[in-house]
Amino acid sequence: MQISPEEGQFLHILTKISGAKRIVEIGTFTGYSSLCFATALPEDGKILCCDISEEWTQIARKYWKESGLEPKIRLKIGSALETLQLLLDSKSAPEWAFDFTFGPSSVDLIFLDADKENYPNYYPLILQLLKPGGLLIADNVLWDGSVIDSAHQEPSTIGIRKFNELVRNDLNVDVSMVPIADGVSLIRKK
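In structure tokens, the structure reads:
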């Protein structure tokens, strides 16, 4: 659900180090992670958040407004798989995506913290959206240790297991799995 304060600080510094200006967040919940990114963005930086819950993201909207960072953040409610495909196919700026177009190789940083069973389905779309040198930060990749225990066959565990295998075998990325919180993979597109 919500990331820890330590992970929030980690996301903040990664945003600063990477120099990211254009971020896509897949899975927003109450907006804490998006605030961690937004506070680290340069003046012209923007973050597009994708979530399916109008209820939880109302909390996010409240905090974005209170923080004064609302102009840097947009929210697209709906299937993240469909949203990512729309971004890839976009020939002009969608009204919900600021004033810039997306398309292949158009995003600096993507944070993945959504429905775990779809992690393997998000991965190829994310790689297409990321610029060369762009960073994918995937949350919950250790999944409380369940990913290494074959007795765990829940859809979410299977999804993360498949995702970790995809990343490990992908020669087009550099990866480091960091044991912070519930495990975070830093995946750099070559």
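Just so we're aligned, residue 1103 is where the sequence shown starts under my numbering, counting upward by one. No residue lacks a Cβ here, since even glycine has one placed at the ideal position from N, Cα and C.
Within a 10 Å sphere around the beta-carbon of residue 1276 sit fewer than 16 other beta-carbons, which makes this residue exposed. Excluding residues up to 5 positions away in sequence, 1248 lie with their Cβ nearer than 8 Å to the Cβ of residue 1256 in the same chain. Annotation for residue 1118: no beta strand (DSSP E) segment contains it, though the alpha helix (DSSP H) segment containing it runs 1107-1120.
Spatial neighbours of residue 1261 in its own chain (CB-CB distance under 7 Å, excluding positions within 5 residues in sequence) are listed in chain order as 1218, 1219, 1220, 1221 and 1222. If one requires a minimum length of 4 residues, the alpha helix (DSSP H) runs lying completely within the stretch 1172-1245 are 1182-1191 and 1221-1231, in chain order. Taking a 10 Å sphere around the C-beta of residue 1203, we find fewer than 16 other C-beta atoms and assign the residue as exposed. In terms of Cβ geometry, residue 1136 and residue 1127 form a close pair [threshold 8 Å].
Under a 10 Å Cβ-count criterion, residue 1153 is classified as buried, with 16 or more other Cβ atoms of the shown protein chains found around its own Cβ. As a beta-bridge residue in DSSP terms, residue 1148 pairs with 1124.
The Cβ atoms of residue 1286 and residue 1228 do not sit closer than 8 Å to each other. Taking residue 1147 as the centre and dropping the five residues before and after it, the same chain places the C-beta of 1123 closer than 6 Å to its C-beta, in chain order.
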